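Numbering (this note's numbering), first residue to last: 13 to 253.
Using N, Cα and C, we set each Cβ at its ideal position, and we do this for glycine too.
If you're wondering where the values come from, they're calculated on a predicted model, not measured in any experiment.
One structure is given below, encoded as structure tokens.
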């Protein structure tokens, strides 16, 4: 296959997946874009994954997690949602760059803090069927599919359903986002056993206010999920605490 690979490289020269500048291999980043990545590393809040500027010891929670406990057990994200991470998200979501999903899922697996390996099933945040028809694929499902392949965990792409169409969350405030996704998720008929008593990982591309994953997690919890980890590729968070 090497001659064929060289031909492909000649016709489609390897380029940075963010800016397009020539690189040594496909599906890689140039040094400039790589240096612009901000991965989310410890120390961080054990529940919300909000990074701390100083290590305060193990098990420390943020004030937000204490004051407003989420309906899931923990949140983990791979990187801050700024450049060039935003370009990767938009490439997958809006420009049909499904070839980015393997790389993005690899970073997510690393960021999951071992929760993917310890879970029993992985579920994507679903799209409504009308939006699925117009967009052709669900970016969260693509990330979940590659996570399942890498980890050997079960993938449940049809267990959680979006039963109402909502307007896009982009541009909405926190309260409007919460109201927009109220009552939009449900467990598919005869799929309760997929969730009951299980340790689950719920996958989405970006965590902003958390309204969408919180609404989905409430449905999973009501159906009897024993443990819920929310795992996203990006996190909209400007600074550490």
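Do residue i and residue j have their C-beta atoms closer together than 8 Å?
i           : j           : result
residue 178 : residue 193 : yes
residue 49  : residue 124 : no
residue 134 : residue 218 : no
residue 96  : residue 45  : yes
residue 247 : residue 33  : no
Give me the residue from the options with the minimum Cα distance to residue i.
i           : options               : result
residue 41  : 49, 48, 163 and 29    : 29
residue 249 : 89, 121 and 102       : 89
residue 200 : 225, 207 and 173      : 173
residue 138 : 188, 25, 37 and 156   : 156
residue 149 : 132, 37, 131 and 169  : 169
residue 195 : 165, 209, 231 and 217 : 231
residue 71  : 238, 86 and 98        : 86
Can you name the residues that DSSP bridges to residue i?
i           : result
residue 89  : 244
residue 134 : 167 and 213
residue 172 : 199
residue 63  : 56
residue 218 : 246
residue 239 : 211
residue 255 : For the chain, the structure presents residues 13 to 253; residue 255 sits outside this window and is missing.
Please look up how many angstroms separate the CB atoms of residue i and residue j, rounded, as I've assumed it's under 8 Å.
i           : j           : result
residue 151 : residue 104 : 5 Å
residue 213 : residue 116 : That pair is no contact at about 15 Å.
residue 73  : residue 120 : The Cβ separation is near 23 Å, so there is no contact.
residue 225 : residue 84  : 7 Å
Worksheet item: Which full runs of the alpha helix (DSSP H) of 4+ residues lie inside the stretch 30–61, going along the chain?
Response: 43–47
Worksheet item: Which full runs of the alpha helix (DSSP H) of 4+ residues lie inside the stretch 76–129, going along the chain?
Response: 97–106 and 113–123
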